[in-house]
Amino acid sequence: MNIGVFIGSIRAGRAGEAIGHWVHEHASHRNDGHNYEIIDLQDHDLPFLAADTVPAMANGEYGDPKTQQWAKVIAQYDGFVFVTPEYNGTVPGPMKNAFDQLGQEWQGKPIGFVGYGYSQAGKGATDTWRTVVSGMLAMQLADEDVNIDLNAAYPEDANGEFRASDAAKAGLDKILDQVTKAGANS
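For the sequence shown, the numbering used here assigns the number 2 to the initial residue and increments by one for each residue that follows.
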C-alpha cells in the first residue's frame, strides 16, 4: 500500500514539517511492507475552491490545472495520515481548502490523524477532521488520534528539535496498523 503523510501547514517556521518527517521516518522504519511518502501542502499552489462543479460530482475531472495535478497526487495513495495543526480550535484553512478541492480521490480510503498545537494539542483539529471525513466521502477512520502538545514536544533542552513522546510513538503505531489493515481490506 502507498500511504500519504499529508503535512497540512504552509506557515513559515511551522512545527508540522518536523512532525510530518517524524511520522514518515517512524512509519518507514516499521518495515511493514508499505510505502510511506510525504505530501507537503506547501509544495502545491492550489487556488481557492471556486469550481462550477461540486468536487464530489466531478468524477475526477477538474477545470483548474492545479487542481487536476493535485488530484493525480492524491489518487496515487491508498490511505493517509494527516499531520494537522490546530488554528483557533479547528483545522487550518489551506489544508481544508486542499481537501475540499477533490472528491473521488479521497472516497472510502483509510485515514488517521496526528494533530498538534499548544492549548489543546491539536484536538480541536483532529475532532473537526473526523467529522469532515466521515461524512459523504465515507473515509475509514483510525480509532484514535495522536495529539501532540507542542509545549512538551519542544523542551528547552532539545535545542529546538522535535521530540516525540513514547505515547505519541505508540499511538502512531496504532494508527498505522489500522490504516494499513483497512486499506488492505478495501
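Glycine is no exception: its CB is placed at the ideal position from the N, C-alpha and C atoms.
Because the structure is a prediction, the values reported are computed rather than measured.
Judged by beta-carbon spacing, residue 84 lies within the 7 Å limit of residue 8, meaning their Cβ atoms are closer than that value.
Setting aside the 5 residues that flank it on each side, residue 46 is surrounded in the same chain by 67, each with a C-beta closer than 8 Å to its C-beta; the list follows chain order. If the five residues before and after residue 144 are omitted, its C-beta is found closer than 7 Å to the C-beta atoms of 179, all from its own chain and listed in chain order. By the neighbour-count criterion, in which a residue is buried when 16 or more other Cβ atoms sit within 10 angstroms of its Cβ, residue 26 is exposed. Ranking 12, 58 and 112 by CA distance to the CA of residue 184 puts 112 first. The beta strand (DSSP E) runs lying completely inside the segment 82 to 148 and spanning 3 residues or more are 111 to 118, given in chain order. Nearest C-alpha to residue 57 among 156, 105 and 131: 105. Counting only residues of its own chain and dropping the five nearest sequence neighbours on each side, residue 177 has a CB closer than 6 Å to the CB of 28. At a Cβ-Cβ threshold of 7 Å, residue 102 and residue 130 do not count as neighbours. Between residue 117 and residue 138 a beta carbon distance of about 24 Å is seen, past the 8 Å cut, so the two are scored as non-contacting. Within the same chain, and ignoring the five residues on either side of residue 172 in sequence, the residues whose Cβ sits closer than 7 Å to its Cβ are 145 and 147.
Taking a C-beta distance under 7 Å as the contact criterion, residue 52 and residue 64 qualify as a contact pair.
According to the DSSP assignment, residue 24 belongs to no beta strand (DSSP E) but to the alpha helix (DSSP H) extending over 17 to 29. Bounds of the alpha helix (DSSP H) holding residue 180 are 167 to 185. CA-to-CA, the gap between residue 50 and residue 37 works out to about 28 Å. Within the DSSP bridge table, the entry for residue 49 names no partner.
Looking at 155, 91, 128 and 163, the one whose alpha-carbon comes closest to that of residue 142 is 128. Membership of residue 75 in the alpha helix (DSSP H) is indicated by the continuous run 66 to 76.
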